[in-house]
Amino acid sequence: MTIDKGRNSQINKQHNRGLVLKLIATGQCRIRAELARQTGLTKMAVTNIVSELIDLNLLIENVVEPDEFLRKNAIALQISPEAPKIIGVLIFRDRCEAVLCDLSLNIIRRERINIEQLTRDLLIQTIFTLIDAMVSFEPDLLGIGIASIGPIDKQTGTILEPRYFYNIKNVEIVDILKSRYDLPVFLDHDNQCGALAEMLFGFGKGFRDFILLGLSRGIGSGIVIDGKLQFNNQGLAPEIGHVSIDYQGLDCVCGNKGCIEMYAASPVIRDTLRKSTGRNLLFRDFCLFEDDERIDAVFIDVIQKLAAALVSSVNLLNPELILLGHDSVCFPDKYVNLLEQEINRRKFTSPSHVVRVRKTYFKEDSQLLGAVCNVAIQAFDGKLLFGAVEESDS
């Protein structure tokens, strides 16, 4: 993995502090020597930064036993239990969830409220209820991150007009939460958040270029290129779910024809399986019966359709990895392997460039934990936590 390098100029000290915090929080470095080697900073600069972070109650030291990486007892660094925590909120069609985490993404507390019917006001009140529970448990907070079904406008902090979402639209959720809690609030598309969590802490950590594909009521995506999330100047996320696989195909709610989500969204797969088998099961339950020939035939067809859409994206972006999130984490492994085989068989680039396909590291929690990462990345980029730190030689 390519590690961001430290910067030795005066104007980049906040960046350096954030980088050191990131490498420790994400488990990429444990000791000062590793930090100096990975960042390119001098040992003295690393020592100064670490001392500041300890003084700020962000890091603590521990003596660790030798292992395959450390040949002798060493003073290891880790996130302090006294460091401020982060609230993450997931806004989804059938539920809202909140989680309280530390900077290493360890879950401290979580709450969930299921949704059957919803209005704009009830959505806001539901989010208040979840966040209030977290704030009452832990008042020392760095910020609130929101992962929402899209489309969203990152620049204005607005949930625009998600499909199949009770006709709720134009919710200025960032301003609403800032006003109530007086904390930094950051909003992003749920699958972009999932990709961020995987990039910082999950299976994306070893890759600079990857796609996260989330199957649910629709099909969404998060894309990382050269270690950066991709979005336009409004913060609109890429929508692989609306890549057409048939220009004369089914009419999609977006106005296009043949969009992949019309054929491979999880409710569509479930309904096809119910018709094929006569069994009234949930999507995840059907995934347990891969040996049933009728179920196997449906999944093979779905994989072929997903491959058709993903090959177009692979030919455009040349990712190293595709991560399957949301309901697709329930896919039996043989279909994940088949999808990888089909993508690599059909793509344009040479056979030496193999695109890996696997399920997300955090399974169905990638998007929720990604909400936390919306805030954590601000600290790791030096934009939070360090504004009041005095200038030094680090």
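Heads up: the sequence shown begins at 0 in the numbering used here, then just goes up one per residue.
Don't be surprised by glycine CBs; every beta carbon is placed ideally from N, CA and C.
This one's a predicted model, so the numbers in the text were calculated from it and none came from an experiment.
Original post:
Cα-Cα, which of 56, 140, 315, 92 is closest to residue 81?
Top reply: Taking the first residue of the sequence shown as position 1, residue 81 is located at position 82. Check the Cα spacing between residue 81 and each of 56, 140, 315, 92: the tightest is with 56.
Original post:
What residue range is occupied by the uninterrupted beta strand (DSSP E) comprising residue 185?
Top reply: The residue you call residue 185 lines up with position 186 of the sequence shown. 184–188 is the extent of the beta strand (DSSP E) around residue 185.
**OP:** Would you check if the distance between the CB atom of residue 184 and the CB atom of residue 208 is smaller than 8 Å?
**Re:** Residue numbering aside, residue 184 sits at position 185 when the sequence shown is read from its first letter. Residue numbering aside, residue 208 sits at position 209 when the sequence shown is read from its first letter. Not closer than 8 Å, so no.
**OP:** Look up residue 329 in the DSSP assignment and say whether it is helix, strand or coil.
**Re:** Within the sequence shown, the letter at position 330 stands for residue 329. Helix.
Original post:
Thinking C-beta only, is residue 192 closer than 8 Å to residue 373?
Top reply: Numbered from 1 along the sequence shown, position 374 holds the residue referred to as residue 373. Numbered from 1 along the sequence shown, position 193 holds the residue referred to as residue 192. Yes, these two residues count as a Cβ contact at 8 Å.
Subject >> Helix, strand or coil at residue 282 [DSSP, three-state] >> reply: Translated into the one-based positions of the sequence shown, residue 282 becomes position 283. The answer is helix: DSSP assigns residue 282 an H, G or I state.
Original post:
If residue 242 sits next to residue 349, beta carbons under 8 Å apart, how far is it from one beta carbon to the other, in whole angstroms?
Top reply: Taking the sequence shown and counting its residues from 1, the one referred to as residue 242 is at position 243. Taking the sequence shown and counting its residues from 1, the one referred to as residue 349 is at position 350. Incorrect: roughly 23 Å between the Cβ atoms, too far for contact.
Original post:
Near residue 289, which residues of its chain fall below 8 Å by C-beta distance, leaving aside the five closest residues on each side in sequence?
Top reply: Position 290 of the sequence shown, counted from the start, is the residue given in the question as residue 289. Non-local C-beta neighbours of residue 289 in its own chain, meaning closer than 8 Å and more than five positions away in sequence, comprise 295, 298, 331, 333, 334, ordered along the chain.
Original post:
From the DSSP output, which residues share a beta bridge with residue 277?
Top reply: Along the sequence shown, read from residue 1 onward, the residue named residue 277 stands at position 278. Per DSSP, residue 277 has no beta bridge partner at all.
Original post:
Per DSSP, what kind of secondary structure is residue 243 in: helix, strand or coil?
Top reply: Counting from one through the sequence shown, the residue named residue 243 turns up at place 244. In this structure, residue 243 counts as strand in the three-state DSSP scheme.
Original post:
At which residues does the alpha helix (DSSP H) containing residue 373 begin and terminate?
Top reply: Indexing the sequence shown from 1 puts residue 373 at position 374. Unbroken alpha helix (DSSP H) run through residue 373: 365–379.
Subject >> Start-to-end residues for the alpha helix (DSSP H) that takes in residue 236 >> reply: Numbered from 1 along the sequence shown, position 237 holds the residue referred to as residue 236. Here residue 236 belongs to no alpha helix (DSSP H), and DSSP marks it neither H nor E.
Subject >> Rounded C-alpha distance that separates residue 379 from residue 368 >> reply: Stepping through the sequence shown from its first residue, residue 379 is reached at position 380. Stepping through the sequence shown from its first residue, residue 368 is reached at position 369. Pairing residue 379 with residue 368, the inter-Cα distance amounts to about 16 Å.
**OP:** Quick one: residues in its chain with C-beta nearer than 8 Å to the C-beta of residue 266, no 5 flanking neighbours on either side, listed in chain order?
**Re:** Position 267 of the sequence shown, counting from 1, holds the residue named residue 266. So the qualifying residues of the chain are 216, 282.
Subject >> Test item: CB-CB of residue 235 and residue 167 under 8 Å >> reply: Translated into positions along the sequence shown, residue 235 becomes position 236. Translated into positions along the sequence shown, residue 167 becomes position 168. Contact: no.
Subject >> For residue 102, three-class secondary structure by DSSP >> reply: Position 103 of the sequence shown, counted from the first residue, corresponds to residue 102. Reduced to three states, the DSSP call for residue 102 is coil.
Original post:
Whose CA, out of 108, 232, 189, lies closest to the CA of residue 211?
Top reply: Residue numbering aside, residue 211 sits at position 212 when the sequence shown is read from its first letter. Nearest of 108, 232, 189 to residue 211, Cα basis: 189.
Original post:
Could you give the distance in angstroms between the alpha-carbon of residue 271 and the alpha-carbon of residue 263?
Top reply: Against the sequence shown, residue 271 aligns to sequence position 272. Against the sequence shown, residue 263 aligns to sequence position 264. The straight-line gap from Cα to Cα measures roughly 10 Å.
Original post:
Can at least three beta-carbon pairs, one atom from the stretch 149–159 and one from the stretch 170–178, be found at a separation below 8 Å?
Top reply: yes
Original post:
Counting Cβ pairs closer than 8 Å, one from the stretch 315–324 and one from the stretch 351–364, do we hit at least three?
Top reply: yes
**OP:** Could you tell me the boundaries of the alpha helix (DSSP H) in which residue 175 lies?
**Re:** The residue labelled residue 175 in the question sits at position 176 within the sequence shown. Counted as a single uninterrupted DSSP element, the alpha helix (DSSP H) harbouring residue 175 occupies residues 172–180.
Original post:
residue 117: which of 97, 105, 164 sits nearest, CA to CA?
Top reply: The residue you call residue 117 lines up with position 118 of the sequence shown. Checked all of 97, 105, 164; the closest Cα to residue 117 is 164.
Subject >> Cβ-based burial, residue 50 [other Cβ within 10 Å; buried from 16] >> reply: Here residue 50 is taken as the residue at index 51 of the sequence shown, counted from 1. So residue 50 counts as exposed.
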